[in-house]
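Numbering (this note's numbering), first residue to last: 2 to 124.
The C-beta atom is built at its ideal place from N, Cα and C for all residues, glycine as well.
Working notes for the structure below.
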Amino acid sequence: MSHHLPGDHRSPEQLVAAGMLRRHTDGSSHPALGRSPIAYVSTALWTELTALAIAPSAAEATATALLRAIADQAEDAALAPGNERAPRDDLYVTDPAHIGPHRRAVWFQRSGPGGPITATFAP
2 MSHHLPGDHR SPEQLVAAGM LRRHTDGSSH PALGRSPIAY VSTALWTELT
52 ALAIAPSAAE ATATALLRAI ADQAEDAALA PGNERAPRDD LYVTDPAHIG
102 PHRRAVWFQR SGPGGPITAT FAP
């Protein structure tokens with residue numbers, strides 16, 4: 002797996018500069034993600050999560066709490082039937098959930114062994 006968004010070969014920092022990713026400021030580890038923190042979040046996912054806040058002043062805290070709750074439900078994709086040969090600790094996936102107007106799955110994708118994790122909508 003690649004750390005980049007599907008079809009994009011730029012570095013995470015180039016994607017931040019392009020507005021496709023944002024750095025995630027919550028450095029908390031996530032047990033379901035191999036105790037790793039989420040380093041980047043796609044702008045599309047973050048926009049949908051902040052839109053769920055009751056008030057604009059609560060947008061950042063709401064999105065962070067929702068992302069943490071979503072990450073808690075993620076499972077290593079290598080454990081899914083048929084993926085036994087896939088690398089472990091590379092891609093974590095969630096069941097589709099209502100985030101904004103659509104049911105969507107979220108991927109937590111790692112950049113290489115022990116690398117940073119990016120949260121994004123599944124393609």
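Could you pull out every residue in the same chain whose Cβ sits closer than 8 Å to the Cβ of Tyr-41, ignoring the five residues on either side in sequence? Pro-13, Leu-16, Val-17, Leu-22, Arg-23, Arg-24, His-25, Pro-117, Ile-118, Thr-119, Ala-120
Please list the segments of the beta strand (DSSP E) lying wholly inside the region 13-80, counting only runs of 3 or more residues, in order along the chain. 22-24, 39-43
As assigned by DSSP and simplified to three states, the class of Arg-111: strand
Ser-43, buried or exposed, once every other Cβ within 10 Å from all chains shown has been counted against 16: buried
So what's Ala-123 in DSSP terms, helix, strand or just coil? coil
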